[in-house]
Amino acid sequence: MSKILIRGAKILGGEPQDVLIDGETIAAVGTGLPADGAQVIEAAGQVLLPGLVDLHTHLREPGREDSETVLTGTRAAATGGYTAVFAMANTFPVADTAGVVEQVYRLGREHGYCDVQPIGAVTVGLEGKQLAELGAMHESAAQVKVFSDDGKCVDDAVIMRRALEYVKAFGGVVAQHAQEPRLTEGAQMNEGIVSAELGLGGWPAVAEESIIARDVLLAEHVGSRVHICHLSTAGSVEIVRWAKSRGIDVTAEVTPHHLLLTDEMVRSYNPVYKVNPPLRTERDVMALREALADGTIDIVATDHAPHPHEDKDCEWAAAAMGMVGLETALSVVQQTMVETGLLDWAGVADRMSSAPARIGSLDHHGRPVSAGEPANLTLVDTSYRGVVDPAHFASRSRNTPYEGRELPGRVTHTFLRGRATVVDGKLA
Amino acid sequence: MKRHLISAADLTRDDAVLILDTAEEMARIADRPIKKLPTLRGRTICNLFFEDSTRTRISFEAAEKRLSADVINFAAKGSSVSKGESLKDTAQTLEAMGVDAVVIRHGASGAPYRLATSGWIDAPVINAGDGTHQHPTQALLDAFTMRRRLVGKDALGQDLEGKRITIVGDVLHSRVARSNVDLLHTLGAEVTLVAPPTLVPVGVETWPCEISYGLDEVLPKSDAVMMLRVQRERMNAAFFPTEREYSRRYGLDGERMAKMPEHAIVMHPGPMVRGMEITAEVADSDRCTVVEQVANGVSIRMAVLYLLLGGSEPAVTTSTTPRTEETK
Numbered sequence: 000m001s002k003i004l005i006r007g008a009k010i011l012g013g014e015p016q017d018v019l020i021d022g023e024t025i026a027a028v029g030t031g032l033p034a035d036g037a038q039v040i041e042a043a044g045q046v047l048l049p050g051l052v053d054l055h056t057h058l059r060e061p062g063r064e065d066s067e068t069v070l071t072g073t074r075a076a077a078t079g080g081y082t083a084v085f086a087m088a089n090t091f092p093v094a095d096t097a098g099v100v101e102q103v104y105r106l107g108r109e110h111g112y113c114d115v116q117p118i119g120a121v122t123v124g125l126e127g128k129q130l131a132e133l134g135a136m137h138e139s140a141a142q143v144k145v146f147s148d149d150g151k152c153v154d155d156a157v158i159m160r161r162a163l164e165y166v167k168a169f170g171g172v173v174a175q176h177a178q179e180p181r182l183t184e185g186a187q188m189n190e191g192i193v194s195a196e197l198g199l200g201g202w203p204a205v206a207e208e209s210i211i212a213r214d215v216l217l218a219e220h221v222g223s224r225v226h227i228c229h230l231s232t233a234g235s236v237e238i239v240r241w242a243k244s245r246g247i248d249v250t251a252e253v254t255p256h257h258l259l260l261t262d263e264m265v266r267s268y269n270p271v272y273k274v275n276p277p278l279r280t281e282r283d284v285m286a287l288r289e290a291l292a293d294g295t296i297d298i299v300a301t302d303h304a305p306h307p308h309e310d311k312d313c314e315w316a317a318a319a320m321g322m323v324g325l326e327t328a329l330s331v332v333q334q335t336m337v338e339t340g341l342l343d344w345a346g347v348a349d350r351m352s353s354a355p356a357r358i359g360s361l362d363h364h365g366r367p368v369s370a371g372e373p374a375n376l377t378l379v380d381t382s383y384r385g386v387v388d389p390a391h392f393a394s395r396s397r398n399t400p401y402e403g404r405e406l407p408g409r410v411t412h413t414f415l416r417g418r419a420t421v422v423d424g425k426l427a
Numbered sequence: 000m001k002r003h004l005i006s007a008a009d010l011t012r013d014d015a016v017l018i019l020d021t022a023e024e025m026a027r028i029a030d031r032p033i034k035k036l037p038t039l040r041g042r043t044i045c046n047l048f049f050e051d052s053t054r055t056r057i058s059f060e061a062a063e064k065r066l067s068a069d070v071i072n073f074a075a076k077g078s079s080v081s082k083g084e085s086l087k088d089t090a091q092t093l094e095a096m097g098v099d100a101v102v103i104r105h106g107a108s109g110a111p112y113r114l115a116t117s118g119w120i121d122a123p124v125i126n127a128g129d130g131t132h133q134h135p136t137q138a139l140l141d142a143f144t145m146r147r148r149l150v151g152k153d154a155l156g157q158d159l160e161g162k163r164i165t166i167v168g169d170v171l172h173s174r175v176a177r178s179n180v181d182l183l184h185t186l187g188a189e190v191t192l193v194a195p196p197t198l199v200p201v202g203v204e205t206w207p208c209e210i211s212y213g214l215d216e217v218l219p220k221s222d223a224v225m226m227l228r229v230q231r232e233r234m235n236a237a238f239f240p241t242e243r244e245y246s247r248r249y250g251l252d253g254e255r256m257a258k259m260p261e262h263a264i265v266m267h268p269g270p271m272v273r274g275m276e277i278t279a280e281v282a283d284s285d286r287c288t289v290v291e292q293v294a295n296g297v298s299i300r301m302a303v304l305y306l307l308l309g310g311s312e313p314a315v316t317t318s319t320t321p322r323t324e325e326t327k
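Residue numbers (numbering that gives the first Met the number 0), protein chains in the order written: chain A, 0 to 427; chain B, 0 to 327.
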C-alpha cells in the first residue's frame, strides 16, 4: 500500500499538523513531515478526526434491499465520514442466529467501504419471549458484542434481566429501545400540545422514561452494563444522570435529529418527520444537547433508517417510521453542538468515534490520531456550507428530514485502514 | 377564503361569517318547490370516503346535487384501496377523470392536508372529517345552528360573541370537538369542554377554551350544550369504568337539562347513543337541535362548495348579493 501525507490538518481541531499514513497505519504525526514519495492531500483549514463509528445503523440487508443494502449503506456511511457501523438486528430474517450475523459481517468486509459490526437480537425474532443464542452469535466470525431488539423494546422485565446477566459471560452489552408498549399503542408522534391539536396518537415521554428507569435499576441489581438507544426526552436525561451519579454502568446515545428537530415539524403532516422515538419539544432538544455536552449522554448514533419512497409518500398514519442519517450526522452535530459552543472537535471525536467504539468493544476504531494507530480517519471541511440534496445521497433511500436545509461541514476524505473510501467528497 | 377547507382553524372570523351568511341564502332554497341552483352545473365533485359515513356523505351529496354538480361517490371499501392502492394513486386516478373538487373523509388525521399540500392533485380539497383531527363543515353547521337559535334568523353579518358553549364527552377522540373549539373561538364564543380527565388530550391546556371535569356546575352557565358521542368500546380501554358510570356523571338527562337556562339548546353531531350520553327524553325534546343540525348541514355544505368552486355569479338571485371574485 502506498503512503499518504495529509498536510496541515487540524487534528481534533487543534494546531495544524501533518499526518503520514503508511499502509494501514498512521506512521507519523508532526509538523513539516517530508512528502517523500507519498501522495499528498492538502488539508489546510480542515479538521481531522478519527473515523466515525455509528453504534446504531439499519442496513436493511437481508430482507429489505429495496431500501438499503450493506453495500449502499456502507457507501453512505463512508460518505458521512464513518469507518465502522453497527448494523441493527431487525432484518428479514432477524439477525438472531450466528448465520445471519456472519452474512452481514462478511458483506461489509467484502465491500470494503466501512467495517460492519452486526448487532444480534436479544430475543428470537425480536418477539421479546425467548433469548436468542447470544453466545453463538458472540462466538461466530462476527464476534457480536452488542445485542438489541431495536425497533421493539425488551419490555418483559424478566427477559431483560436475564439478557443483562447472560451477556456478562462474554463482555456483551444490551442496547435497549426504551418504549413501554402499552403506553404507545397507536402512537404516531410525541404526546403534547402538537399531538392534541393534530389529533395524532400520542407517544408520551413517560413510555421511554419508565423503561429507562427500570433498566438502570435492573442493571444495578445484577451488576451489568446497559446501553440506552436514541434517548429523546429531558426526563430520560435526568434518569441517566441520576443513574451515573449512583455508579450504575449505563451509557446512552442521542440521534442527530433529536438534537435539531422538534414535534412542531409534524404540523406539516409530512411523514419524513415520522420517526421512533418521535421528535420531541424544544425543551427536550436543549436538554439533550446539554447532556451530550456534559457527558450524561455518551454518544451520537444515527439510527439511520432507510425507507423506500412509497413508504413516506402517503398519509402520516400509513407511513413508516425512520430517517436516513449517516450522510448528514456530522453536519447536524457541527451545527447543534460545535457552532453553539457546547462541544469542541475533540468532544465530537469522543462522542462520534472513541466512545461508540468503546461501548461496542470495537478495538481498532475510535483510536487516537497518533503514530502506530490504525489509519481510520475522517477529514472535514468545517467551513463548508451547503444545502442538503438527497438526490446526491449514496444511500439507496432519500427519507431525510433535511432536504433543502442548509447545514455546515462536509466530509472531504475518509480513510479505512489507510485506504481512501472518500476522496474530495466523493466515493473512491 | 383559502382554496381548500382543511381545518376550522384556517378560517378567519370574516371567512366564517361569510359562510354562515351564504348558508342562510342556501337555506332559503330548501323552502322552494324546486330545491336546485344551476351554480355548479358541469362541475364534477368526488366524495372520496375512506371511512364509513352515511350521514356526512349524503349531506355532501345533497348539497352538491342542489348546486347542480355532477357527483361521483367513491367508497374505499371494495375499491382498489382495499387491494393496497395508495391515497396518492387513488386521488390522481380521480383527478385524471376530470374531478373539479374532492370531498374527503379519511380515518388518518392529516390525510386531507396531505392531499391538498403534497402536489399530488390540483383540485380543491374539502375535509369531511379526518381521524381525530378536524371536521370543519360540522363546526360550521353547528355554528350556523347556534347563530340561528341564539342570535336569530336575521343575524347576517353577526358572529357568536359572548355565547357560552359547553361541549361534553369524548374530547380526546373527537374531531368535532377540535373543530368546534377552533371555530367557536374565532366567532367570539366562550367554550367549555366537559369530560372525564381520561378523555381530554394531554396538551389541551393551549386550546382557547376552559376545561371542566364536572357537568353540573357548567350547565347553568351554558347557552348551548353539545353532547358528543361516546363509543361503548372506549370503556374496554379503561377510559371509564362502565357505561352506567359514564352516563351518571356525564350523560344529559331531563333533570340535568332543567339546570340549563330556559333559552339554552342541546346539540349533538349524531349519531346519538341514547341512554349513554343523552337520554331519549332530552333527545326528543324541543330544545334538542339534532334534526335541525342535519338540515343546516346541507345549507352549510352548499355554501362551502359554492364559495370554493363557484362564486362567479350570485348564488341566489334575491336580496343580498353574495361576493364574487374575492370569495374564490
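Glycine is no exception: its CB is placed at the ideal position from the N, C-alpha and C atoms.
Could you check what DSSP says for residue i in three-state terms: helix, strand or coil?
| i | result |
| --- | --- |
| Asp69(B) | strand |
| Met87(A) | coil |
| Met285(A) | helix |
| Lys87(B) | helix |
| Gln142(A) | coil |
| Met226(B) | strand |
| Ala77(A) | helix |
| Glu101(A) | helix |
| Leu47(A) | strand |
| Tyr401(A) | coil |
| Lys162(B) | coil |
| Lys9(A) | strand |
| Pro407(A) | strand |
| Ala174(A) | strand |
| Arg247(B) | helix |
| Asp21(A) | strand |
| Val16(B) | helix |
Closer than 9 Å, CB to CB, is residue i near chain A or not?
| i | result |
| --- | --- |
| Asp9(B) | no |
| Pro200(B) | yes |
| Arg113(B) | yes |
| Ser108(B) | yes |
| Thr116(B) | yes |
| Glu325(B) | With a pLDDT of 39 at Glu325(B), under the threshold of 50, the predicted position of this residue should be treated as unreliable, and no value is reported. |
Can you pull the chain A residues whose beta carbon is under 9 Å from the beta carbon of residue i, in chain order?
| i | result |
| --- | --- |
| Ala127(B) | Under the 9 Å cutoff, chain A gives no residues; its nearest Cβ is about 15 Å from Ala127(B). |
| Arg174(B) | Gly198 |
Any beta-carbon of chain B closer than 9 Å to the one on residue i?
| i | result |
| --- | --- |
| Tyr268(A) | yes |
| Gly234(A) | no |
| Pro276(A) | no |
What residues from chain A crowd round residue i, counting only those whose CB sits closer than 8 Å?
| i | result |
| --- | --- |
| His105(B) | Glu314 |
Taking Cβ-Cβ distances shorter than 9 Å, what residues in chain B pair up with residue i?
| i | result |
| --- | --- |
| Glu289(A) | Those do not exist, as Glu289(A) stays about 24 Å from chain B at its closest Cβ, beyond 9 Å. |
| Ala317(A) | Ser85, Leu86, Ala107, Ala110 |
Applying a beta-carbon distance threshold of less than 8 Å, which residues of chain B neighbour residue i?
| i | result |
| --- | --- |
| Glu309(A) | Ser85 |
| Pro203(A) | Val201 |
Who are the neighbours of residue i on chain A, taking C-beta pairs under 7 Å?
| i | result |
| --- | --- |
| His132(B) | Leu197, Gly198 |
| Arg177(B) | Gly198 |
I'd like to confirm the pairing. Which residues does DSSP put opposite residue i in its beta bridges?
| i | result |
| --- | --- |
| Arg418(A) | Leu415(A) |
| Cys287(B) | Val265(B) |
| Asn189(A) | Trp202(A) |
| Gln116(A) | Phe85(A) |
| Met322(A) | His303(A) |
| Arg344(B) | Since the first and last residues shown for chain B are 0 and 327, residue 344(B) lies out of range. |
| Cys45(B) | Ile71(B), Val101(B) |
| Leu376(B) | Since the first residue shown for chain B is 0 and the last is 327, residue 376(B) is missing from the structure and cannot be characterised. |
| Ile3(A) | Ile20(A), Gln38(A) |
Exercise for review: Taking a Cβ distance cut-off of 9 Å, strictly less, list which residues of the region 62 to 91 of chain B are near chain A, in chain order.
Suggested key: The region 62 to 91 of chain B vs chain A, Cβ under 9 Å: Ser85, Leu86, Lys87.
**Study point:** Interface positions of the region 181 to 199 of chain A facing chain B (Cβ-Cβ less than 9 Å), listed along the chain
**Key:** So the close ones are Glu184, Gln187, Glu190, Gly191, Ile192, Val193, Ser194, Ala195, Glu196, Leu197, Gly198, Leu199.
Exercise for review: Note down, in chain order, all residues in the region 392 to 418 of chain A with a beta-carbon under 9 Å from any beta-carbon belonging to chain B.
Suggested key: Across the region 392 to 418 of chain A, no CB contact with chain B closer than 9 Å is found for any residue.
**Study point:** Residues in the region 183 to 210 of chain B having any Cβ partner in chain A nearer than 8 Å
**Key:** Contact residues of the region 183 to 210 of chain B toward chain A are Pro200, Val201, Gly202, Val203, Glu204, Thr205, Trp206 (C-beta to C-beta distance below 8 Å).
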